[in-house]
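Residue numbers (this note's numbering): 12 to 467. Positions of the beta carbon are idealized from the N, C-alpha and C atoms, including for glycine. It should be emphasised that the depicted structure is a prediction, and the values quoted were computed from it without experimental measurement.
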Ligand SMILES: Cc1cc2nc3c(=O)[nH]c(=O)nc-3n(C[C@H](O)[C@H](O)[C@H](O)COP(=O)(O)OP(=O)(O)OC[C@H]3O[C@@H](n4cnc5c(N)ncnc54)[C@H](O)[C@@H]3O)c2cc1C
């Protein structure tokens, strides 16, 4: 592992009965630098290893859909850890509180890294409260290919300012292949909770039960791997022309990346292996790296360096606020309520179809995400109301919601990481999208028909 992934946060007294890895962001075994770092320390000290995971119903926007997906993933993790001789404990409750049941006996705590406000606060809370404990604390970055501060030390304006930095550095950070073998496989008798029966676990939680588990997408490394294998076998060739929502040539990796169930580094490696096995056109490979590396890591840069990434007043650029102010009072062609969107009840069939995809499956094609959000801007009384409605729906229904990409994707619709366009009513200089464009470019009727199948 490259040294830049590691932050040594606290010295310890070199005593303790085990090493503990708090798995929160990188919910996987494969290509997990934090887990591998924990194994290395355990082996050096000849200690057993504990992996701890906390499942908390008070997590922002928690609902049955995201919880089911996460629990499915944790089942994969548990099976693998047992095979590797690692002790796994899962606790239901506030992660950053429950972990203290295990810290006084620990030699070292290893944590992975999160970038959103509450993820950073959780880790800071554990660090601050551990100050008088004997253990050492390390934080390891594993969900980005290029570590966040190594990519850039400031908020970037757009893909054009960060691209060169990422492309020049990412080869250096292809730094993990397999997990070390754990020497000490002693079984410890630690308190843990059973979560094999997903329905029983879900029932216990005080979360939004209206947003049901997706029938289309299941969580876990094995599912992620299956989708990705399909993608490199059948769709990668056409990735450069992926915009047609009626014929999606996409990886569907965003939800797995969101929960850390698969690593973007692994996807990159697998793409390379595939390109050595068969001819894949370079334009498609470059287009995929542009999304997985440049756009995704730009989103992490955005939430990390933008204090108000989740607030209307701060999420975009001065030129965008200026143009929105100028057009604040333009007459909107339609005004809808959130319930109109959720009941697929607007005049626009393509928009309703996109809402069906979102509400019923938990996913939406990238092109339709742009169209969907732009229409909500057009049909809301104010820009601010539009922002809140878009973010609310995004984080409620998408399995990949509540991600740095969620905030960056929504802010993009309001001009962030974009540029001024030709001035027009309502949108001012914000980029505009219309239904005619969908009809002209794609077989949008086919998309609408396909989505209708989910609505029953
Ligand atoms: C209004 C709006 C809201 C969005 N909300 C979310 C969200 O909640 N969660 C989320 O993960 N993404 C979001 N995106 C970004 C993007 O639409 C999704 O990441 C993508 O559609 C996921 O599908 P996929 O994995 O099949 O993508 P693929 O095209 O197969 O791409 C592979 C990976 O590259 C990354 N990627 C692809 N497109 C983008 C992009 N435009 N920006 C940043 N990274 C990208 C993702 O990590 C993705 O999994 C949003 C975009 C917009 C315009």
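- Three or more beta-carbon pairs separated by less than 8 Å link the region 27-37 to the region 53-69, which places the two stretches in contact.
- In this structure, residue 186 sits away from residue 151, with a CB-CB distance that is not shorter than 8 Å.
- Of all C-beta pairs linking the region 449-462 to the region 254-264, three or more are shorter than 8 Å, placing the two stretches in contact.
- Contact annotation: residue 410 and residue 77 have beta-carbon atoms nearer than 8 Å.
- The Cβ-Cβ distance between residue 309 and residue 419 falls below 8 Å.
- In this structure, residue 341 has its CB at a distance of at least 7 Å from all heavy atoms of ligand 1.
- Closest in C-alpha terms to residue 393, from the list 59, 226, 213, 339, comes 339.
- CA-CA distance, residue 370 to residue 467, rounds to 12 Å.
- Residue 24 places its beta carbon less than 8 Å from that of residue 145.
- Given a length threshold of 4 residues, each whole run of the alpha helix (DSSP H) inside the region 232-315 is given here in chain order: 232-241, 265-269, 275-288, 293-300.
- DSSP, reduced to helix, strand and coil, places residue 467 outside both helices and strands of the structure shown, so it counts as coil.
- CA-CA distance, residue 404 to residue 194, rounds to 47 Å.
- Around the Cβ of residue 376, a 10 Å sphere holds 16 or more other Cβ atoms; the residue is buried.
- Inclusion of residue 426 and residue 402 in the CB contact set at 8 Å is not warranted, their separation being larger than that value.
- Beta-bridge analysis with DSSP links residue 99 to 62.
- Only buried fits residue 361, as 16 or more other CB atoms lie within 10 angstroms of its CB.
- In this structure, the straight-line span from the alpha carbon of residue 153 to that of residue 453 is close to 38 Å.
- Taken in chain order, the complete alpha helix (DSSP H) segments of 4 or more residues contained in the region 387-441 are 394-408, 415-424.
- At a cut-off of 7 Å, the beta-carbon of residue 412 counts as near ligand 1: some heavy atom of the ligand is closer than that.
- In terms of side-chain proximity, the C-beta atom of residue 73 is found no nearer than 7 Å to any non-hydrogen atom of ligand 1.
- In this structure residue 294 is exposed. Its beta-carbon is surrounded by fewer than 16 other beta-carbon atoms within 10 angstroms.
- Per the Cβ contact rule, the region 262-277 is in contact with the region 218-235 (3 or more Cβ pairs under 8 Å).
- Residue pairing by DSSP places residue 19 opposite 149 in a beta bridge.
- Listed as beta-bridge partners of residue 117 by DSSP are 29.
- The closest CA to that of residue 15, considering only 162, 280, 200, 434, is found on 162.
- Assigned with DSSP and collapsed to three states, residue 74 falls in strand.
- Judged by DSSP in its simplified three-state form, residue 34 adopts coil rather than helix or strand.
- Within the same chain, Cβ atoms closer than 6 Å to the Cβ of residue 397 are found at 387, 388, 391, the five residues on either side in sequence being excluded.
- The residue from 358, 364, 314, 289 with its alpha-carbon nearest to that of residue 168 is 314.
- Between the region 72-92 and the region 219-227, the count of C-beta pairs closer than 8 Å reaches three or more; the two stretches touch.
- A buried status is given to residue 181, since no fewer than 16 other beta-carbon atoms sit within 10 Å of its beta-carbon.
- Straight through space, the alpha carbons of residue 234 and residue 374 are spaced by roughly 15 Å.
- Annotation for residue 350: the continuous alpha helix (DSSP H) segment containing it runs 349-353.
- Its Cα nearest to that of residue 437, the residue 343 stands out among 356, 363, 424, 343.
- Counting only the Cα atoms, residue 100 lies some 24 Å from residue 224.
- Take the alpha-carbon of residue 320 and the one of residue 355: they are about 29 Å apart.
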